[in-house]
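Comments concern the structure below.
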Amino acid sequence: MQTTILEAGADSPIERIYSISITIRTFKGRRNVEAHVFRCDADMTEAAGYDWNSLIGPPMDPQHPGTAEDARKTLMEAFTREERDAVVAYLAERYGSRLESIIACPVELPVPQGVTPLSSITEGKSFGFIRFTDVKEYPLPFAIRGFYDLAQHEPLVHQAGEEGEQAGR
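Counting in the numbering used here, the sequence shown runs without a single skipped number right up to 170 at its last residue.
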């Protein structure tokens, strides 16, 4: 398993700046499924001290500007450095044999208005959440989830068929 951790610059205006993604070798019949790990129990009282004017940028799409509140929630789903280290250690220890990679990096600021917080997404047929807190003996003092979209990944059966076809040529 490969672990990549990129540090935020010393001039980062906030501590809650890190995003984490994992690549799962096989998951629900798919190969190399990317999941975006996030805090699903963010304490919005922490956000009261932030200078949101510098942390939230203009809308990604002026036709659909979204809300500043969604941009705030998105940033509050990120991790502090200490939380990031705890999550990476937990994922590596508990799931290391099943993961292809863990990547932790700073969120790009300002967060554009119009982004959707992962915790606001309703599960569907091909996308949903890994609820890490449902696992027995979950050790972290805060809740995390992993958002995945299976439609972005080829089925294992399809790939195995392709490999067999290529081998027969």
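Ideal Cβ placement from N, Cα and C applies to all residues, glycine included.
If you're wondering where the values come from, they're calculated on a predicted model, not measured in any experiment.
Environment of residue i [buried if 16+ CB atoms lie within 10 Å]
i	result
Glu78	buried
His65	exposed
Arg85	buried
Gly10	exposed
Ala105	buried
Ala43	buried
Coarse secondary structure for residue i, derived from DSSP in three states
i	result
Asp44	coil
Ala168	Any reading at Ala168 is ruled out, since the residue's pLDDT is 42, under 50, leaving its predicted position unreliable.
Asp143	Rather than Asp, the amino acid found at residue 143 in this sequence is Phe. Looking at Phe143 - three-state DSSP - the assignment turns out to be coil, as it is neither helix nor strand.
Thr81	coil
Segment limits, beta strand (DSSP E) that includes residue i
i	result
Glu219	Past the boundaries of the shown model lies residue 219; the chain is included only from 2 to 170, so the question cannot be answered.
Tyr19	19-28
Which listed residue (the options) has its alpha carbon closest to that of residue i
i	options	result
Glu124	Val136, Tyr149, Pro140, Thr4	Tyr149
Val89	Ala43, Trp53, Pro113, Phe133	Phe133
Asp71	Met45, Ile131, Ala36	Met45
Ile15	Ala48, Glu35, Ile25	Ala48
Proximal residues to residue i (C-beta, below 6 Å), its chain only, five neighbours per side dropped
i	result
Pro113	Gly58, Met61
Close beta carbons around residue i, own chain, < 8 Å, minus the five adjacent residues each side
i	result
Arg26	Arg32, Asn33, Arg99, Leu100, Glu101
Extent of the continuous alpha helix (DSSP H) run through residue i
i	result
Leu7	No alpha helix (DSSP H) holds Leu7; DSSP gives it neither H nor E.
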